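Below: one structure, written as structure tokens.
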Amino acid sequence: MAFTSDLDQITRAAAGDAAAVRALVNRYSPGVLALATRMLGDSAEAEDVTQETFIRAWKALPSWEPRAKFSTWLHRVALNLCYDRLRKRREVLPEELPDRADPSLGPQDTLDQIQRVKAVEAAIARLPERQSAALTLCALQGHSQTEAAEIMEVSVQALESLLARARRTLRAELLEGRTVS
Amino acid sequence: MTHSMTDDRLIELIEIWGADPASWPAAERAAGEALLRAHPERFAGVLAEARALDGLLGDLPEPEMPRGLTEAIIAAAPRARTAPRGGRQGWFGLKTPWAPASGFAAAALGLLMGLTVAPTASANDEMTAEVQELVVSALGFDTATYAVEDVE
């Protein structure tokens, strides 16, 4: 949707227009939830992050200045909330981190569809957080090179480097020996 | 704007962005596709690997919105302020009806004070001319006279 349309919707939502509020939520919440789910690997936490992201958006709307696209800003807020949670996990409960990798899923196993999906999700969740974010934004959510770089507040070159490393790791983990194809 | 494309850069594009040219950066897409069409054999291996990974990533389901999440988000959203019945105009078309009302209240209180306090004072108390004049100008009548009449 065009930027002006975005701005119009934001202006109306800030004034409390119920239809505009609902339209913003319907349009952006699935993407925010998907990003948080991939980053955190935990649906309850992803739900919290999605809600918190929009609460921040509602607070910001009255003084909203369109320096960035609303979508970019919203995903950046969500991403930073995910980073915060991942850092807290590492600081507070390093020994209790869930091992999202299923040890039974070795390269020699025959994987059905569900197992394959779980293996891919686990491999993404094991990536360093910025690689995971880059991969999720670009490969899974279809953000453009520029959008993803803006959301992550990195250069396009840095984004490409993160993506290259993420995909290299996934290739090594998931395609080694062609057991998963 | 046209970009020159090298084999190395095209391999990077495929490895970073996947096998589908639609996912490559727009500025390099046309040049990349042209090189790929011209020499498909050079990129067959990297393309096959990228397709396999793209397939795995593409199979991931979108997380479903949890029940109630949308409504919870909407419930926290800004709400339109409801205008008072009959529009935003108050008394006599004034937006701040309390302003004149407070003036009336002050005047009424002053009058009540005058009526209450004056009888307690003796009609024989001396009142200076200046004070009497001030009271008359403020209330519009002479409390001393009023008090005398009341006593009589």
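Protein sequences, first through last, are from chains A and B. With the first letter of the first sequence counted as 1, position 150 gets the number 245 in the numbering used here; the numbers rise by one all the way through. With the first letter of the second sequence counted as 1, position 149 gets the number 150 in the numbering used here; the numbers rise by one all the way through. Virtual Cβ for every residue (Gly too), placed ideally from N, Cα, C. Keep in mind it's a predicted model, so treat the numbers as computed, not measured.
Residues that residue i contacts on chain A, provided the C-beta gap is smaller than 7 Å
i      : result
B:M66  : S124, P125 and L128
B:L37  : In chain order: nothing, as chain A lies at least about 18 Å away.
B:P154 : Since the displayed chain B opens at 2 and closes at 153, residue 154 of chain B lies outside it and no answer follows.
CB contact flag (residue i, residue j, <7 Å)
i      : j      : result
B:L11  : B:W25  : no
A:L254 : A:A244 : yes
A:V172 : B:A78  : no
B:E63  : A:A129 : yes
A:F165 : A:I105 : yes
A:A220 : A:G126 : no
A:A261 : A:L230 : yes
B:G19  : B:D55  : yes
A:A109 : A:P157 : yes
Backbone secondary structure at residue i - three-state DSSP
i      : result
A:Y123 : helix
B:H40  : coil
B:S5   : coil
B:A77  : coil
B:M66  : coil
A:A236 : Note that residue 236 of chain A corresponds to Gln in the displayed sequence, not to Ala. It is coil, neither helix nor strand.
B:A20  : coil
A:R162 : coil
B:E50  : helix
B:D60  : coil
B:D55  : helix
A:V215 : helix
A:V251 : helix
B:K96  : In this prediction, B:K96 scores a pLDDT of 39, lower than 50, which makes its location untrustworthy; the coordinate-derived value is nonetheless stated afterwards. Of the three classes helix, strand and coil, the one that applies to B:K96 here is coil, per DSSP.
B:W25  : coil
A:A267 : helix
A:D179 : helix
B:T144 : Because the pLDDT at B:T144 is just 42, under 50, the model does not fix this residue reliably, and the point stays unresolved.
B:V118 : With a pLDDT of 41 at B:V118, under the threshold of 50, the predicted position of this residue should be treated as unreliable, and no value is reported.
A:L222 : coil
Listed by chain order, chain B residues near residue i by CB distance under 8 Å
i      : result
A:F149 : I74, A77 and A78
A:E142 : P67 and L70
A:T145 : L70 and I74
A:A220 : Ordered by position in chain B, no residue passes the 8 Å Cβ test against A:A220, which lies about 12 Å from the chain.
Under 7 Å from the C-beta of residue i: neighbouring residues of chain B
i      : result
A:T132 : P64
A:E248 : Chain B residues near A:E248: none, gap ~19 Å exceeds 7 Å.
A:G136 : The contacting residues do not exist; A:G136 stays about 11 Å from chain B at best.
A:L156 : P79
Contact list for residue i against chain B, beta-carbon separation under 9 Å
i      : result
A:A259 : E13, E16 and I17
A:W153 : I74, A77, A78 and P79
Contacts that residue i makes with chain A (C-beta to C-beta distance below 9 Å)
i     : result
B:E50 : R266 and L270
B:D60 : Q208, R211, V212 and V215
Length-filtered (4 minimum) alpha helix (DSSP H) runs lying within the segment 100-157 of chain A: Taken in chain order, the complete alpha helix (DSSP H) segments of 4 residues or longer contained in the segment 100-157 of chain A are 113-135 and 138-155.
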